[in-house]
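Protein chains in written order, with my numbering: chain A, 931 to 1392; chain B, 4 to 435; chain C, 2 to 276.
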Amino acid sequence: MNSTTLLVTLIGLAILAYLYGRKRSLAVAVASGGVRHLHSLPRYYGYMTALWCGLPAMIVLLLWSMLEPAVLNQQLIASLPVDVQNLPESQLGLYLNDLKLIAGSAEQAQQADQVKIDATVYLQHMQELSAWFKTALVLVLALAGIIWGASRISQHFQARNSVEMVTRIILMLSSGIAVMATIGIVLSVLFEALRFFEAVPVWDFLFGLEWSPQTAMRSDQVGSSGAFGAVPLFLGTMMIAAIAMLIAVPLGLMTAIYLSQFATPQFRNFAKPVLEILAGIPTVVYGFFAALTVAPLIRTMGESLGLAVASESALAAGIVIGVMIIPFISSLSDDVINAVPEAMREGSYALGATRAETVRKVIIPAALPGIVGGVLLAVSRAIGETMIVVMAAGLAAKMTANPLDAVTTVTVQIVTLLTGDQEFDSPKTLAAFALGLMLFVTTLILNVIALYVVRKYREQYE
Amino acid sequence: MSNKMSHHRSNIEQVRHSLKKRHRQEKRFILLGKLSVLTGFLFLAFLLTDIGIKAWPAFQQHWIQLDVTFDAQILDVEAPADEAALKKGNYRGVLKKSLYAMFPDVSARRDKKALFKLISSGAEYQVRDILLADPRKLGTTQQIWVLADDDVERFLKEPALRESQQSDRRIKDNQVAWLDQLSGQGRIESQWNWAFLTSGDSREPEQAGIAGALRGTMLTILVTLAMSFPLGLAAAVYLEEFAPQNRWTDLIEINVNNLAAVPSIVFGLLGLAVFISFFGVPRSAPLVGGMVLTLMTLPTIIIASRASLKSVPPSIRDAALALGASKVQTVFQHVVPLAMPGILTGTIIGMAQALGETAPLLMIGMVAFIVDIPQGITDSATVLPVQIYLWADSPERAFMAKTSAAIIVLLLFLVTMNLLAVVLRKRFERKW
Amino acid sequence: MTQVIEAPDIHQAIKQTVGSPFTHKPKISTRNVDVFYDDKQAIFDVSLDIGSHEVIALIGPSGCGKSTYLRCFNRMNDTIQSCRVTGEFRLEEEDIYARGMDPVLLRARIGMVFQKPNPFPKSIYDNVAYGPKLHGLASNRAELDEIVVSSLQKAGLYEEVKDRLNASGTGLSGGQQQRLCIARTIAVSPEVILMDEPASALDPIATATIEELIDELRQNYTIVIVTHSMQQAARVSQRTAYFHLGKLVEVGDTNQIFTNPQHQLTENYITGRFG
């Protein structure tokens, strides 16, 4: 049985276990003088039996499915002739891939040599064996669970408490998933980045002025040529983020101020959801719009002014990212502005300040920490934005301060390095993880500072 | 006393003096605010109209009617032919023959080639399928509508092209004459393009559709929903109802808030390094896509669910506990059901985010060109946003309309989901 | 308690204001004032004069509309969308609700101190300088300094804060904050100061300081004070007006109101039957 069928079978067994456990407990109840003489309601005995049936078997199934590929690969490599085993890692990977292809189709098998066919046969044999053991183990565990669970049903057995204990543990484990995800991100980018830094010194990466990984694609020259200086990428990212913030901060802030302080409630109720649409549009749509509409528009306008504009100018990508971030900034600013106590506004009005003066001289200064926090979060978004720059910014790493020129960004390079058919271990792909590490660390710092500032700000007025 | 009075007077004069300027400033400030809001509106309107206009042609398709003779000789099949033989027939030859028959004057090799270019390269499969469906048509002549080529398509949709210089367009003057002749005979027809929704991807723009991407999206979102909803709900219930106030809980909280702000592409790197390379989950499949999107949407669901759980008043909990319900029973029989509308709203919003996400899926290989419609969660697949990205990158101009049309379909889905969330909130919102 | 009294006969009982609401040459005069929040009426046909350089106390049970009425004087209710004011308000001869009356100018002439001290999150100096800067009352830094110092002195706060004028205003104690708010109001040199329960959030010692201050301020300003405390009204005011359910029941000399109230409702309130 494959894992999916096994899973379905297991669920079916668990339902049976529930019914059986409930029935058993009802029988016990009749013997001891009615359901109210049982410690728990009959369904809890059912739940308990079902848990005994399903949980251990499920854990085994999950572990098995996770570990099987790795174990089988090892076994397979061990069975191969020595000269194949000694191949470099990347070629060995290709070899194993071949074997899997042969196993998958008869056409491929006709062209393969005997060693490969033998290995394939061995692989298939191992896979069958593994599947058989897995099925047997899981089913035995499930049945044993039913028997064990049912045998524990008695008048005084605290079924509800046991079930609730398991529930609490499951809840707790689920809440740990966020931590697991963070650890997963850190480990995955860190390990690959460290491997990259073995080939390319950290110093060269962080402070190198030239980025041209495409020239490093000679398989026997791992990491020895090609330039991995990331400074042009950092500068490009910063330029596009700066353009975006120049658009988003004033517009977003003024939008929030106007809607929260000046607009009629009717207009506010209409305008807010309409602007929220901007935040809900997928970034790939913005990317398409930036590349096919905004960029040509800017180019035409620039040319009519006699300016040379690149067809993938930083300006186009920056503007579109900026507009995308407007609702983000305006809703965060709206929150912090509304957190400024009404008494501040009244105090200012009572001294004869106009509404605009109150906003500029009392509300904005009072809300400033919160607004700064929101802007930091927005910067982190602009830096991490991918699709718009992938579609509308350039690929060539150029160091320029001209926003009409094409620049490239960290995220663009990550996508470029990792899409297409690359071997997993080449320095090119590893470079993507090093860039990912930089991106993660930068945004993490920004986010942590921003979240801290906003939290402190809120506490001040609570 | 009178000194005091005059002091007041002079103050009033001074204030009055500055008033005009201050009110002008106020007006300017408000104007700036209005302009900001207007900018947002205009940009949104511009974006939607632009995409709408670009998408319109993709919903129309031109067909050309040909008199096709299923000549066994040209097809190179024996008269009572079996299916396998029919499949291998030379349908291109049949089509060529029928076109040349319609325009007997065309004799030069180059012109013949240009003539054949009027119809889609997929037409031969279309014709083949007709014969396969009914082999008795072998030897007969049928009137068949075949798809026009994408260049013809564009020429027919943009009247301005006809006026332009020959060198500026892909349809040359001789082709224009043929097309005019065909349409004079009523052999050109425009139809609503249903195939866009029912066929898979293709290198030929006139045949490309989003069915594969839609199925991929559906499978991916199902995986995401199946994993993120229970996990998110469980995590939120634990953090809000059971977790003790300690460092571990603080750590989880910080992590959840921070994950919500991590760039999506980083989740793609995680998926590639951990799920694909380490655990060996199949690449390009909805399963791994759903796993990555689950991690991305979890913070949204957890934060929304916690807010919803928090809004259930403590008196409900007290009431249940006072009746002798256990803590777990109280939470699952009273608190969670009452908080459910908010939790579902958060989940739908999370799913809408996942639906529009592109970048992390590029990292895990859901970017491959896939013609077949995926059948299961471990088949190679692509999703709608990635399809949009792929088409946007294609050089053929006709793909621009296809891209815009796909965007409109995607936006319709998002609008529907958000409306659902709004309705849910409005309908079940409870004020305590 | 107020619920019990809200019967038709009570409204009958307050048909007309007892005592004389009018004075000779009033600073502010109000006639037939009604205030509505949407359809709900909060103030019913109130007419009252505020004399020049007097302290007048508005008292009454909570929810009687005295704060609402007070906020009409400097049009603070403008900021509330649903609020509608009819009737006549005059500051000397000028109509407060006239089309041409600019609320900004009005509020420069009629200052206000709130129930809860609300200093801006700025330095003490900037809090006091805020109004003069807005209105352009000082032409240079020295003049501004002088206004700040004299305002703080008049508010009796200067000695306590003279060494830390750049410290944040929110760092002061509650009583100091309220005096800072008074200094802030004085700095604009208003003619009238409205006080909405200015001491209700303060401890007794701080309250006593504020009350002394009000007594001193009477020399230069006209003061309308809403208070919940009858003792405070008796201590600081010359005249007292008693409000009940949005109506002005009785007005007269403070002494007379507290020793010999004319209306049954006033007497009930003074003697503590309800509050």
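The C-beta atom is built at its ideal place from N, Cα and C for all residues, glycine as well.
Give the straight-line distance between the Cα atoms of B/Gln-169 and B/Val-149, rounded to the nearest whole angstrom.
Stepping through the second sequence from its first residue, residue 169 of chain B is reached at position 166. Stepping through the second sequence from its first residue, residue 149 of chain B is reached at position 146. Straight-line Cα distance between these residues: approximately 26 Å.
Going along chain A in order, which residues have a C-beta closer than 8 Å to the C-beta of C/Leu-135?
By one-based count along the third sequence, residue 135 of chain C stands at place 134. Within chain A, the residues whose beta carbon sits less than 8 Å from that of C/Leu-135 are Leu-1281, Gly-1282, Ala-1283, Glu-1287, Lys-1291, listed in sequence order.
Of all Cβ atoms in chain A, is any one closer than 7 Å to the Cβ of B/Ile-304?
By 1-based counting over the second sequence, the position of residue 304 of chain B is 301. Residue-level contact by beta carbon fails for B/Ile-304 and chain A, as no gap is shorter than 7 Å.
Go through its chain and collect everything with a Cβ distance to C/Pro-104's Cβ below 7 Å, but skip five positions before and after it.
Translated into the one-based positions of the third sequence, residue 104 of chain C becomes position 103. Hits under 7 Å: Arg-76, Asp-79.
Along the region 24 to 40 of chain B, what residues have a CB closer than 9 Å to any CB found in chain A?
Result list: Arg-25, His-26, Gln-28, Glu-29, Lys-30, Arg-31, Phe-32, Ile-33, Leu-35, Gly-36, Lys-37, Leu-38, Ser-39, Val-40.
Can we say the region 342 to 357 of chain B touches the region 278 to 291 of chain B, given the rule of at least three CB pairs closer than 8 Å?
Touching, no.
Residue(s) in a DSSP beta bridge with C/Asp-50:
Taking the first residue of the third sequence as 1, we reach residue 50 of chain C at position 49. According to DSSP, which records beta bridges pairwise, C/Asp-50 is partnered with C/Ser-30.
Determine the closest residue to B/Val-338 out of B/Thr-350, B/Thr-348, B/Lys-120, B/Leu-324, with distance taken between C-alpha atoms.
Indexing the second sequence from 1 puts residue 338 of chain B at position 335. With distances taken between CA atoms, B/Val-338 lies nearest to B/Leu-324 out of B/Thr-350, B/Thr-348, B/Lys-120, B/Leu-324.
Cα-Cα, which of A/Ile-1007, A/Asp-1013, A/Val-1012 is closest to A/Asn-1027?
Position 97 of the first sequence, counted from the start, is the residue given in the question as residue 1027 of chain A. Each of A/Ile-1007, A/Asp-1013, A/Val-1012 was checked against the Cα of A/Asn-1027, and the nearest Cα belongs to A/Ile-1007.
Under 7 Å between C-beta atoms, does C/Met-196 make it to chain A?
Position 195 of the third sequence, counted from the start, is the residue given in the question as residue 196 of chain C. Answer no: the Cβ-Cβ gap between C/Met-196 and chain A never drops below 7 Å.
Boundaries of the beta strand (DSSP E) in which C/Lys-248 is found, first to last residue:
On the third sequence, position 247 is the one that residue 248 of chain C refers to. Run containing C/Lys-248: 248 to 254, per the beta strand (DSSP E) assignment.
Identify, in the order they occur along the chain, each residue of the same chain with its Cβ nearer than 7 Å to the Cβ of B/Phe-416, setting aside the five sequence neighbours on each side.
One-based indexing of the second sequence puts residue 416 of chain B at position 413. Counting only Cβ-Cβ distances below 7 Å, and skipping sequence neighbours, we find Leu-358.
Cα separation between A/Ala-1322 and A/Met-1368?
Numbered from its first residue, the first sequence carries residue 1322 of chain A at position 392. Numbered from its first residue, the first sequence carries residue 1368 of chain A at position 438. One C-alpha to the other measures close to 22 Å.
I need the DSSP call for C/Cys-84, collapsed to helix, strand or coil.
Taking the third sequence and counting its residues from 1, the one referred to as residue 84 of chain C is at position 83. Correct three-state label for C/Cys-84: strand.
Of the residues that make up the region 306 to 320 of chain B, which ones have a beta carbon closer than 8 Å to any beta carbon in chain A?
Within the region 306 to 320 of chain B, no residue qualifies.
Where the region 246 to 270 of chain B meets chain A: residues whose CB sits under 8 Å from a CB there
Residues Ala-246, Leu-254, Ile-255, Ile-257, Asn-258, Val-259, Asn-260, Asn-261, Leu-262, Ala-264, Val-265, Pro-266, Ser-267, Ile-268, Val-269, Phe-270.
Measure the C-alpha to C-alpha separation of A/Ile-1177 and A/Thr-1167 and round it to an integer number of angstroms.
Working through the first sequence from its first residue, we reach residue 1177 of chain A at position 247. Working through the first sequence from its first residue, we reach residue 1167 of chain A at position 237. Cα to Cα, the separation comes out at about 16 Å.
On the DSSP letters alone, give me the boundaries of the beta strand (DSSP E) that B/Ser-308 sits inside.
Taking the second sequence and counting its residues from 1, one reaches residue 308 of chain B at position 305. In the DSSP annotation of this structure, B/Ser-308 is not part of any beta strand (DSSP E); the continuous alpha helix (DSSP H) holding it starts and ends at 289 to 313.
Whose C-alpha, out of B/Ala-328, B/Gln-28, B/Gln-64, is nearest the C-alpha of B/Leu-200?
Your numbering for residue 200 of chain B matches position 197 in the second sequence. Taking the Cα of B/Leu-200 as reference, the smallest distance to any Cα among B/Ala-328, B/Gln-28, B/Gln-64 is reached at B/Gln-64.
Between B/Asn-14 and chain C, is the shortest Cβ-Cβ distance under 7 Å, so that the two count as touching?
By one-based count along the second sequence, residue 14 of chain B stands at place 11. It does: the Cβ of B/Asn-14 has a partner Cβ on chain C nearer than 7 Å.
Would you please state the rounded distance, in angstroms, between the beta carbons of A/Tyr-974 and A/Val-1093? I believe it to be under 8 Å.
The residue you call residue 974 of chain A lines up with position 44 of the first sequence. The residue you call residue 1093 of chain A lines up with position 163 of the first sequence. Between A/Val-1093 and A/Tyr-974 the Cβ distance is about 5 Å, and since that is below 8 Å, they are a contact.
Within the region 134 to 215 of chain B, note down every full alpha helix (DSSP H) run reaching 4 residues or more, in order along the chain.
Runs found: 153 to 160, 163 to 166, 176 to 187, 198 to 201.
Among A/Leu-1307, A/Ala-1000, A/Asn-1332, which has the Cα closest to the Cα of A/Gly-1023?
Walking along the first sequence from the start, residue 1023 of chain A turns up at place 93. Checked all of A/Leu-1307, A/Ala-1000, A/Asn-1332; the closest Cα to A/Gly-1023 is A/Ala-1000.
Give me, in chain order, the residues of the same chain whose beta-carbon lies closer than 6 Å to that of A/Met-1147; leave out the 5 immediate sequence neighbours on both sides.
Start at 1 with the first residue of the first sequence, and residue 1147 of chain A comes out as number 217. Reliability fails at A/Met-1147, whose pLDDT of 46 lies under 50, so the model's placement of it is uncertain and no value is given.
In the structure shown, what three-state DSSP assignment does C/Gln-193 receive?
Here the question's residue 193 of chain C lines up with position 192 in the third sequence. Here residue 193 of chain C turns out to be Val, not Gln, going by the sequence shown. Note: C/Val-193 maps to strand in three-state DSSP.
Which partner residues of C/Glu-89 appear in the DSSP bridge assignment?
Taking the third sequence and counting its residues from 1, one reaches residue 89 of chain C at position 88. According to the DSSP secondary-structure assignment, C/Glu-89 is paired through a beta bridge with C/Arg-32.
Does the beta-carbon distance from B/Met-369 to B/Ser-287 come in below 7 Å?
As a working mapping, residue 369 of chain B is identified with position 366 in the second sequence. As a working mapping, residue 287 of chain B is identified with position 284 in the second sequence. Taking 7 Å as the Cβ cut-off, B/Met-369 and B/Ser-287 qualify as a contacting pair.
So, under 8 Å CB-CB, B/Ile-213 and B/Val-412 are touching, yes? Tell me the CB distance rounded to an integer number of Å.
Within the second sequence, numbered from 1, the residue matching residue 213 of chain B stands at position 210. Within the second sequence, numbered from 1, the residue matching residue 412 of chain B stands at position 409. With a beta-carbon spacing of about 6 Å, B/Ile-213 and B/Val-412 fall inside the 8 Å limit used to define contacts.
Around the Cβ of A/Phe-1158, are there at least 16 other Cβ atoms within 10 angstroms (buried) or fewer (exposed)?
To locate residue 1158 of chain A, count along the first sequence from 1; it is residue 228. Burial check for A/Phe-1158: the Cβ neighbour count within 10 Å reaches 16 or more, so the residue is buried.
Amino acids of chain C, ordered along the chain, whose beta-carbon sits closer than 7 Å to that of A/Ala-1273:
As a working mapping, residue 1273 of chain A is identified with position 343 in the first sequence. Contact note: A/Ala-1273 reaches chain C through Phe-115, Lys-117, Asn-119, using a C-beta cutoff of 7 Å and chain order.
Under 7 Å between the Cβ atoms of B/Val-109 and B/Leu-118?
Position 106 of the second sequence, counted from the first residue, corresponds to residue 109 of chain B. Position 115 of the second sequence, counted from the first residue, corresponds to residue 118 of chain B. Yes, Cβ-Cβ distance for B/Val-109 and B/Leu-118 is below 7 Å.
Pull up the DSSP beta-bridge partners for B/Thr-72, would you.
The residue given as residue 72 of chain B occupies position 69 in the second sequence. DSSP links B/Thr-72 through a beta bridge to B/Thr-144.
Assuming contact is defined by CB atoms lying nearer than 7 Å, are A/Gly-1182 and A/Ile-1294 in contact in what I supplied?
Working through the first sequence from its first residue, we reach residue 1182 of chain A at position 252. Working through the first sequence from its first residue, we reach residue 1294 of chain A at position 364. 7 Å or more divides the Cβ of A/Gly-1182 from the Cβ of A/Ile-1294.
Less than 7 Å between the beta carbons of C/Thr-31 and C/Leu-49, yes or no?
Locating residue 31 of chain C in the third sequence gives position 30, counting from the first residue. Locating residue 49 of chain C in the third sequence gives position 48, counting from the first residue. Yes, the Cβ-Cβ distance between C/Thr-31 and C/Leu-49 is below 7 Å.
At 8 Å on the CB atoms, spell out the chain A contacts of B/Ile-54, in chain order.
Your numbering for residue 54 of chain B matches position 51 in the second sequence. Going along chain A in sequence order, the residues near B/Ile-54 (Cβ under 8 Å) are Val-1215, Phe-1218, Phe-1219.
Would you say A/Ala-1296 lies against chain C (beta-carbon separation less than 7 Å)?
Residue numbering aside, residue 1296 of chain A sits at position 366 when the first sequence is read from its first letter. It does: the Cβ of A/Ala-1296 has a partner Cβ on chain C nearer than 7 Å.
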